[in-house]
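So in our numbering the end of the sequence shown lands on 453, straight run, no missing numbers. Data first, discussion second: the structure below is written as structure tokens.
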Amino acid sequence: MSSSTRPAAVAGTFYPGAAGALRDAISDCLSSAAGPIRGPAPKLLVVPHAGYIYSGPIAAQAYALLAPWRDRIERVVLLGPAHRVAVRGFAAPTVAAFETPLGAVRVDRETIDALAALPQVVSNDVAHMHEHSLEVQLPFLQTVLGHFSIVPLVVGRATPVEVAEVLERVWGGDETLIVVSSDLSHYLPRPQARAADAATVERILALDASIDHDQACGATPLNGALRVARARGLAPRLLDLRNSGDTAGDRSRVVGYGAIGFWPDALGAALLSRARNAIAAALGLPQVAEPSHPVLAAPGATFVTLRRAGRLRGCIGRLEASEHSIDEDVRRNARRAAFEDPRFPPVGVDEWPELAIEVSVLGALEPLAARTESDACRLLRPHEDGVVLDWRGRRATFLPQVWERIAGAREFLSALRHKAGLPAGFWHEELTLWRYRVQKYADEEVPA
């Protein structure tokens, strides 16, 4: 593109090309939507991307939720599949704005430029030139939000881990909304489509990150988003599920459309506030409000990880639940991570403004039936499993988050042996491994 603005490519085809008619079309879609839901803003939306006469009413069920947050959401990260141009990884635009009949939407160049450090993100305006999956979302966003910028990314061949890595970089706080653009099944008879789409939605609501492209054309960005949603403890909710035969199309060959919202789990806010207050109290600093949650009274095992400017600053926790409640456990581990981790000096008051806190709630330990290291490498699930290693009292663990900085299973096990004080390449018939999963809740990290 030679211009600093990407012009609208599908105005007049996927949606009305005249501003007045476009406003009327969106107003009609939103007027039939259920409207806002009490509670926090959704963090992630999955919405369809067909012509408005087909999928507009379904997309509106998601966008209508944003009305109370009109002036709070300032950045929208848009991920949609590539339909016209082959893309390896993520195609980021070089332009300053995307235009629609309702005006120009500013591209968040600072975020785009920061993402360029990732190998899976490349500058590619050609992929955006005629792509509709992102463009059709813009008029809805221009209608329901105030001043906002976008991070538009066309997604081609990428792994769920690569997608998750990008999303973690742009996650932000409640000023940032993530939108994944995807239709569901394509060109099945209406009864078959309904059954297929219902099954796909059931998997999405279970945060199953193995959707295939026959089930959702945006499966690639969707699977990465589901991986992050699970890791961050988001709670999904189905908002609408229909197909083109229900709205305006031929019922013999329909396309499926779903609208799904994902909300922060209230448990995360409850845990993070307690971890933060435990450290603040020890430092003699003001404390924040602590929301209640019924899970806090139950026994449980947590880890608390502290980071400052992106670097580890402390990490201590418990592998198995004891007689202590989760409430007690997270407070205790927060204090210990801040003041008793032998690898670091105690946290000081001067560090407090830059301290980012992450709380991991551990699932049950599952023995890993591995007779050899090769068995263990085959059985481990990278980026999902935390691992405990034990040999004659020498014990160590890595949370699943450690996979983010380790290339593969052998390197993971080698580093874990080193942490336990065992030689490189050590293996013994009495060495035992367990794996576990975690629900992770994290502060927005303060930039360096």
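All C-beta atoms, glycine included, are put in the ideal place defined by N, C-alpha and C. In this text the structure is predicted, and so the values were computed from the model without any measurement.
What ranges does the beta strand (DSSP E) occupy inside the region 175 to 241, keeping only unbroken runs of at least 3 residues that lie completely in it?
DSSP runs (the beta strand (DSSP E)) wholly in the region 175 to 241: 181 to 186, 191 to 193.
Spatial neighbours of F417 in its chain, beta-carbon cut-off 8 Å, leaving aside the 5 residues before and after
Once the five neighbours on either side are set aside, the close Cβ partners of F417 are L385, P387, V392, F403, V407, W408, I411.
Three or more beta-carbon pairs under 8 Å between the region 190 to 204 and the region 125 to 133, yes or no?
Short answer: they don't touch.
Less than 8 Å between the CB atoms is what I'm expecting for T377 and W432, so what's the real figure, rounded?
Under the criterion of beta carbons closer than 8 Å, T377 and W432 qualify as touching, at roughly 7 Å.
Helix, strand or coil for I42 per DSSP?
Three-state result, I42: coil.
Just mark H152 as buried or exposed, buried being the case when its beta carbon has 16 or more other beta carbons within 10 Å.
Answer is exposed; the Cβ neighbour count stays below 16.
Please report how far the alpha carbon of V206 lies from the alpha carbon of V233, in whole angstroms.
Cα to Cα, V206 sits roughly 17 Å from V233.
Just how far apart, CA to CA, sit V451 and A361?
With a pLDDT of 41 at V451, under the threshold of 50, the predicted position of this residue should be treated as unreliable, though the coordinate-derived value follows. Straight-line measurement puts the Cα of A361 at about 7 Å from the Cα of V451.
Check whether the Cβ atoms of P304 and S330 lie closer than 9 Å to each other.
Result yes, Cβ atoms of P304 and S330 sit closer than 9 Å.
In whole angstroms, what is the alpha-carbon distance linking V260 and A271?
Rounded to whole angstroms, V260 to A271 spans 35 Å at the Cα level.
Helix, strand or coil at K48 [DSSP, three-state]:
It is coil, neither helix nor strand.
Provide the residue span of the beta strand (DSSP E) that contains T105, from first to last.
Taken as a continuous stretch (DSSP letters only), the beta strand (DSSP E) holding T105 covers 102 to 105.
Local conformation of G315 per DSSP, three classes:
In the structure shown, G315 sits in coil (DSSP, three-state: anything other than H, G, I, E or B).
Which term fits R318, buried or exposed, when burial requires 16 or more other beta carbons within 10 angstroms of its beta carbon?
The residue in question, R318, is buried, as its Cβ has 16 or more Cβ neighbours within 10 Å.
Considering Q125, what are the terminal residues of the alpha helix (DSSP H) in which it resides?
First-last for Q125: undefined, no H or E at that position.
Straight-line CA distance for A374 to D380?
Computed Cα separation, rounded: 8 Å.
Excluding sequence positions up to five away, which residues of its chain have a Cβ less than 8 Å from the Cβ of A287?
Cβ within range, chain order: R340, A343, F344.
Should T223 and S186 be called a contact, given that it needs their Cβ atoms to be closer than 9 Å?
It should be noted that the sequence gives Gly, not Thr, for residue 223. Contact check for G223 against S186 passes: the beta carbons are separated by less than 9 Å.
How many angstroms separate the CA atom of T225 from the CA atom of V168?
Cα-Cα distance, rounded: 8 Å.
Here's a check: name, in chain order, each residue in its chain whose Cβ is nearer than 8 Å to the Cβ of S37, leaving out the five neighbours to either side.
These residues qualify, in order along the chain: P62, A65.
Helix, strand or coil at P157 according to DSSP, with G and I counted as helix
The answer is strand: DSSP assigns P157 an E or B state.
Among D202, N282, A214, L276, the one whose alpha carbon lies nearest that of R247:
Cα-wise, what sits closest to R247 is D202.
Buried or exposed for T252, please, with buried defined as at least 16 other CB atoms from any protein chain shown within 10 angstroms of its CB.
When all chains shown are included, T252 counts as buried.
Should R11 and H133 be called a contact, given that it needs their Cβ atoms to be closer than 9 Å?
Contact flag set, yes.
What three-state label does DSSP hand D113 in the structure shown?
In the structure shown, the three-state DSSP call for D113 is coil.
Take the Cβ of H218 as the centre, count every other Cβ of all protein chains shown within 10 Å, and call the residue buried at 16 or more, exposed below.
By the neighbour-count criterion, in which a residue is buried when 16 or more other Cβ atoms sit within 10 angstroms of its Cβ, H218 is exposed.
If distances are taken between C-alpha atoms only, which option among I78, G266, A101 comes closest to P157?
The residue with the shortest Cα to Cα distance from P157 is A101.
Taking only the alpha-carbon atoms, compute the straight-line gap between G17 and A23 and give it to the nearest angstrom.
Taking the straight line from one Cα to the other gives about 8 Å.
Applying the 10 Å Cβ sphere with the 16-neighbour rule, what's the burial state of Q220?
For Q220, the number of other beta carbons within 10 angstroms of its own is at least 16, and it is reported as buried.
With distances taken from CA atoms, which of D395, R80, R93 is nearest V159?
By alpha-carbon distance to V159, the top candidate from D395, R80, R93 is R93.
With DSSP as the reference, please indicate the residues paired to D251 in a beta bridge.
Answer by DSSP bridge pairing: none, since D251 is not bridged.
Compare the beta carbon distance of I78 and D113 with 9 Å and say whether it is the shorter of the two.
No. Outside cutoff.
Would V136 and V90 qualify as a contact pair, given that the criterion is a beta-carbon distance under 9 Å?
Note that residue 136 is Glu in the sequence shown, not Val. Going by C-beta atoms, E136 is nearer than 9 Å to V90.
Other residues of its chain near R242: CB distance less than 6 Å, five sequence neighbours each side excluded
Cβ neighbours of R242 within its own chain (closer than 6 Å, five residues either side excluded): G266.
With DSSP run on the structure shown, which of helix, strand or coil describes L394?
Collapsing the DSSP output to three states places L394 in a strand.
CB of V141 within 9 Å of CB of F19, strictly:
It is a contact, given that the beta carbons lie within the stated cut-off.
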